[in-house]
Each structure stands twice: as C-alpha cells, then as structure tokens.
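Trainee: Pasting a structure here, questions to come.
There are 2 protein chains.
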Amino acid sequence: MAGSGTPRATQAERRARSRNALLEAAARGLSRYGYGNLVLAKVAAEAGYTRGALYHLFAGKEELALAVVEWVDETWTAEVGRPAAAEADPVGALLALARGHAVYCRRDVARVMRTLHAEFAGQDHPVGRAIGGIVERLVAQAAERIAAGRASGALPPGPPPRDTALAYIGTLEGLVSSVAGRVPHDVELTERAVRGLLGLPSGGGPEHGAAEAEGQSGSGSSPRR
Amino acid sequence: MAGSGTPRATQAERRARSRNALLEAAARGLSRYGYGNLVLAKVAAEAGYTRGALYHLFAGKEELALAVVEWVDETWTAEVGRPAAAEADPVGALLALARGHAVYCRRDVARVMRTLHAEFAGQDHPVGRAIGGIVERLVAQAAERIAAGRASGALPPGPPPRDTALAYIGTLEGLVSSVAGRVPHDVELTERAVRGLLGLPSGGGPEHGAAEAEGQSGSGSSPRR
DNA sequence: TAACCTACGTACATGCATGTACGTAACTGA
DNA sequence: TCAGTTACGTACATGCATGTACGTAGGTTA
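So this is what it looks like as structure tokens:
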C-alpha cells in the first residue's frame, strides 16, 4: 500500500495484480452483459490492459469465465456459506444464508451467478456446467436442511424438500437481484420471503404461536430417516 | 389447422401462419439462449423456414425480439394480469397474480421475460427498454396494491411499497424459473413466498380457502435414507 | 391467360470478436 | 552486465452472424 507508484514489483506481484484486476473486470462484465455479450477487449481495457495481457493470463474466454465463477464461489462460500453453516440448527442456517446472500449481493459483482445461471440454463456448456454444479450443491444442501428442520418439528410440513429447496434458491436469485442495494430493506424482504416459503411465522413481529395443528395422518410426505 | 396438406392458402393466411411459427420459435430460442446468443438461422430452421422468410416478415433481429416481447406481454396480460385484476381487493389480486404467474410459467416460452430482463438489466438497448417498461409497469401496479392493502389494514406494515413490490416481482421471476413445471408445488411455493413477503400468515388462515388439493408428489425424489 | 404482387430461398458483402503469432519492455539470476 | 525468462502490446487470420440483393415459386386480380 505504501509504495507510491509501485516502482518496483516482482514478477509474481505483477502477475497477481494483473490477474486480479482482469478477474474483477471480467466479473463486472459478466454480471452486466453475460457470457455471450462479453467482449474481452472491453474487459481488458476496463482493467487497464489489452487483450494481450488477458490471453497471457488466461487460455481464453471460457477459462476466464470459469476462473471468475470459481472466484465468486470462493468469496461467496467464505462470506455467506461458511457463516451460515456455523449456525447450530438447520433452520437458522437457512435464514442466515438468506440474509447473508442479500448482503453479499449488494456488490454488483455478485449478480454474475444469477446472470450466468440464467444464460446457461438447460445448455451444454462448460461454464454452464460449473454454475449448475454450484447451484445443485446449494439446492441439495438446502433440501437437507429443510428435511432436517421438518423432521425436528422446527418447520411445518410442505412440498417435497427438493422442490422447496429449488424455490428457496430461485427466490434468493431473483429477489436479491431486484432489490440489491436497497439497503436496509433487502435483508428484511429476503428473510420475509424465505420464512414464508418455509412456513415460518414472520420474524420481526410478535411471536405468532404457529397455530398449525396438523395431524400427521397419511397426508403429506413425511421425511423418514 | 389440420387442412390436409393445406393445398390452398390465401396470402394473409400464409403470412400469419409463418409469422406465428417464427414468433414461437423465436420465443423458445430467446428464453433458452437469450438475445445475444440467439441465431436467426436456427430460429428460422426450427420454424421450418430460412432466414429469408424471417427477414421478409421482420425488419431484423431487434424487431423480431420486440415482437416476441409484445406477444408474450399480451398473452401474459390476458392469462395472468387480467384475471388477477378482476380480484376485488388488492391483496387478493397480488396473490392471484402470483399463482397465475406460476401456472403461466409452466410453458418454457414464459421464461423469455426473465431471461431478457436479466440480460438487459442496466443496459441501453431497445429490447431492454421494452422489457424494462413492462416490468416497471408491473412493479408500479404491485406497489399500489401493496400500499392500498396496508392502508386498509389487510396487510401489516413493512418496507416501502416500492421496495416490497420490487421484491415481489423479483421473487416471481426467480422462484418460478426454478420450480417451473414442478406441478403442483410450483403454485403453492410461489404463494408461500409471496405471503411471507407481504406479511400474511400462511395459507391455512380463516379466509381464502387455498383449496390446493394435495397432489401426489410423484416426482421421484431421491430416496435418501 | 396475362400481369402483378407476395412469400420465401439463395448468394454475397460486411462487421465484429475470438484466437494466434510475434515484437518489445520489464524483471531475474549469474 | 548479459543472457534468459516473464509480462504485455500489436498486428494478422479466421469464423460466424447479421443484413442485403436478387431470383423463383405461388397466389391474386383483370
């Protein structure tokens, strides 16, 4: 930081700095324009380089996008996924993840996941598969948490865990990209939607004693262990 | 239809038939690949024509996309917007719109709005402006209904109506594209999320018999043990 | 039937973005 | 200092998709 102008820079530093700048510019570009409309010359220019530097650090457009996806996945996991996983009970984790995601998505870079997921939905492209794998992982994890919450009685019954988990992830993707940055309501709105999805009473207000007197006789799918 | 071989066809009929086929193929293509990745030759081929027909019926790619947007908007308004607007109270309209949207989006064509909205978000493109105008109209209408519902006491207080409306529309876009086609849970999950967003208790309330006949959760969920 | 218009196919021209080859400046180790 | 490597810029080649010009078959009006 102190080195004004950075007159001296080791090769590794130069490489890391350039790679990081390009990665960030690419992330911004991807979240704004998507993969197909992304122009590498503009990415490089926005990072202060030309395509030469880009092709020196990345094999091509595809590898650049994959690197961006990996990078975003890592930061997301560190800032959202891991803290949520630290929650004791599964329901708390689901809510913490939703809130954390809303905060995370205040940066425009975060929209890259939603943009690419939409662009490659039902496609057969390496980048699409990477995104699909990440989303699938999140859906499976959410489904487990939903099943566990229902088994313990923390959650009322509802549609199959996997369908509910799909809705949960889809809600996060869509809702957050709409209200991203409308601080501070983004978090509250996200939590409201997720609570409704899971069948939880609204959080901020008075504790509605869940008057869900549901006899578990036959109807509904009971997750058995 | 079903005219055996259609040996005779008036010019207007030919034109309308071709235009419709191209429009539908374009809608499918747009919802799958987005605008940038859409290849007009494939659109024409899928409709049983070549680019010649397409350029005869439409001025170009942009006008084709605009026509698709207009077409989808019209069908959506007829099948979802208008029935919802027939609801007496604003809250009923919000819920009816959500349910109707879930049903509407079981057709893959419906994803065209979400796909294009994501692709052109924060862009300056004619197609993006068209989508933006439609979405903005929906958001404004939802905001009005939310404000009216709160004023009448039908809805509890919450974040500003406009922010809530943004979340409402974003939820519909994201959630539905994830659970689209997971009949019949798509409707229930959509209603759950929207109810949570608006601060309404879960559907088992005294009014508004959900009447959601439990369907066989026939989707072969993973038999986890 | 003849002339005219419309629907559609085919072939060409253009632009733009990717990828690659190569040149040059900066850093590294002796 | 000097050779070797790394970081990056520049120039060229290629492919692909759009848009346009033109040709032909099918329908229309007299």
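Sequence lines, in order, name chains A and B.
Start counting the first sequence at 1; every next residue gets the next number (the numbering used here).
Start counting the second sequence at 226; every next residue gets the next number (the numbering used here).
Just so you know, even glycine gets a beta-carbon here, dropped at the ideal spot from N, CA and C.
All figures in this text were calculated on a predicted structure; none of them were measured in a lab.
What three-state label does DSSP hand B/Gly383 in the structure shown?
Mentor: Coil.
Trainee: Just how far apart, CA to CA, sit A/Ala16 and A/Ala67?
Mentor: Their Cα atoms are separated by approximately 13 Å.
Trainee: For a contact defined as C-beta to C-beta under 7 Å, what are the partners of A/Leu175 on chain B?
Mentor: Here the neighbours are Ala392, Gly395, Thr396 and Gly399.
Trainee: Going straight from the alpha carbon of B/Ala234 to that of B/Arg244, what length do you get?
Mentor: Looking at the two C-alpha atoms, the distance is approximately 14 Å.
Trainee: Distance, Cα to Cα, B/Gln348 vs A/Ser31?
Mentor: C-alpha separation (whole angstroms): 12 Å.
Trainee: DSSP three-state call for A/Val183: helix, strand or coil?
Mentor: DSSP places A/Val183 in coil when its eight states are reduced to three.
Trainee: So with CB distances below 7 Å, who are the chain A contacts of B/Leu414?
Mentor: In chain order: Pro159, Asp163, Thr164, Ala167 and Leu197.
Trainee: Can you pull the chain A neighbours of B/Arg253, defined as C-beta to C-beta under 9 Å?
Mentor: Result: empty, since nearest Cβ-Cβ is about 11 Å, beyond 9 Å.
Trainee: Please report the straight-line C-alpha distance between B/Gly228 and B/Glu271, rounded to a whole angstrom.
Mentor: Note on B/Gly228: pLDDT 35, under 50, position unreliable in the model; the coordinate value appears next. About 21 Å.
Trainee: Do we get a CB-CB distance below 7 Å when we pair B/Glu271 with the residues of chain A?
Mentor: Chain A, which has no Cβ nearer than 7 Å to the Cβ of B/Glu271, makes this no.
Trainee: In terms of alpha-carbon separation, which member of A/Ile134, A/Val183 and A/Thr164 lies closest to B/Arg417?
Mentor: The shortest Cα separation from B/Arg417 among A/Ile134, A/Val183 and A/Thr164 belongs to A/Thr164.
Trainee: Restricting to Cα atoms, I'd like to know which of A/Gly153, A/Glu188, A/Phe58 and A/Glu173 is closest to B/Ala343.
Mentor: Residue A/Glu173 is the option with its Cα nearest to B/Ala343.
Trainee: Mapping the DSSP letters down to three states, classify A/Gln123 as helix, strand or coil.
Mentor: If DSSP states are grouped into helix, strand and coil, A/Gln123 belongs with coil.
Trainee: For B/Asn245, name the three-state secondary structure that DSSP assigns.
Mentor: Of the three classes helix, strand and coil, the one that applies to B/Asn245 here is helix, per DSSP.
Trainee: For chain A, find out if any of its Cβ atoms is closer than 7 Å to the Cβ of B/Glu249; answer yes or no.
Mentor: Cβ-Cβ to chain A under 7 Å: no for B/Glu249.
Trainee: Whose CA, out of B/Leu322, B/Val297, B/Trp296 and B/Leu289, lies closest to the CA of B/Val305?
Mentor: With distances taken between Cα atoms, B/Val305 lies closest to B/Leu322.
Trainee: Which class does A/Ser178 belong to by DSSP, given the choice of helix, strand or coil?
Mentor: If DSSP states are grouped into helix, strand and coil, A/Ser178 belongs with the helices.
Trainee: Among B/Ala327, B/Leu341, B/Ala290 and B/Leu248, which one has its Cα closest to the Cα of B/Thr415?
Mentor: Closest by alpha carbon: B/Ala327.
Trainee: Residues in the region 65-91 of chain A with C-beta within 7 Å of chain B's C-beta atoms, listed in sequence order?
Mentor: The region 65-91 of chain A vs chain B, Cβ under 7 Å: nothing.
Trainee: Just checking, does the region 133-146 of chain A make contact with the region 80-92 of chain A on the three C-beta pairs under 8 Å criterion?
Mentor: Taking 8 Å as the limit for Cβ pairs, the verdict is that the region 80-92 of chain A does touch the region 133-146 of chain A.
Trainee: Is it the case that the Cβ atoms of A/Leu138 and A/Gly199 are separated by a distance below 7 Å?
Mentor: In this structure, A/Gly199 does not lie closer than 7 Å to A/Leu138 by Cβ.
Trainee: Would the beta-carbon of B/Leu341 fall within 7 Å of that of B/Ile356?
Mentor: It is a contact, given that the beta carbons lie within the stated cut-off.
Trainee: Can you find a CB in chain A that lies within less than 7 Å of the CB of B/Asn262?
Mentor: Judged by the 7 Å Cβ criterion, B/Asn262 is in contact with chain A.
Trainee: Just checking my contact of A/Thr171 with B/Thr396 at CB under 8 Å: how many whole Å lie between their CB atoms?
Mentor: Contact holds; Cβ gap of about 5 Å.
Trainee: Enumerated in chain order, which unbroken segments of the alpha helix (DSSP H) with a length of 4 residues or greater are wholly contained in the region 267-318 of chain B?
Mentor: Complete alpha helix (DSSP H) runs here, min 4: 276-282, 286-301 and 307-310.
Trainee: Is B/Ala269 near B/Leu279, with beta carbons less than 7 Å apart?
Mentor: In this structure, B/Leu279 lies closer than 7 Å to B/Ala269 by Cβ.
Trainee: Starting from B/Arg257, find everything on chain A with Cβ-Cβ shorter than 8 Å and list it in chain order.
Mentor: Simply Ala121, Gly122 and Gln123.
Trainee: Within a Cβ cutoff of 7 Å, which residues of the same chain sit near B/Glu287, ignoring the five residues on either side of it in sequence?
Mentor: Pro351 and Val352, listed in sequence order.
Trainee: Quick check: what's the CA-CA separation for B/Tyr329 versus A/Gly203?
Mentor: Cα to Cα, the separation comes out at about 31 Å.
Trainee: Any beta-carbon of chain A closer than 7 Å to the one on B/Ala365?
Mentor: No, its Cβ sits nowhere closer than 7 Å to a Cβ of chain A.
Trainee: Are the beta-carbon atoms of B/Gly285 and A/Gly36 separated by less than 7 Å?
Mentor: Against a cut-off of 7 Å, the Cβ pair of A/Gly36 and B/Gly285 comes out as no contact.
Trainee: Buried or exposed: which applies to B/Ser403, given that a residue is buried once 16 or more other Cβ atoms fall within 10 Å of its Cβ?
Mentor: Per the 10 Å Cβ criterion, buried.
Trainee: Can the beta-carbon of B/Pro384 be found closer than 7 Å to that of A/Glu136?
Mentor: Taking 7 Å as the Cβ cut-off, B/Pro384 and A/Glu136 do not qualify as a contacting pair.
Trainee: What's the C-alpha gap between A/His56 and A/Thr50?
Mentor: Using only the alpha carbons, I get a separation of about 10 Å.
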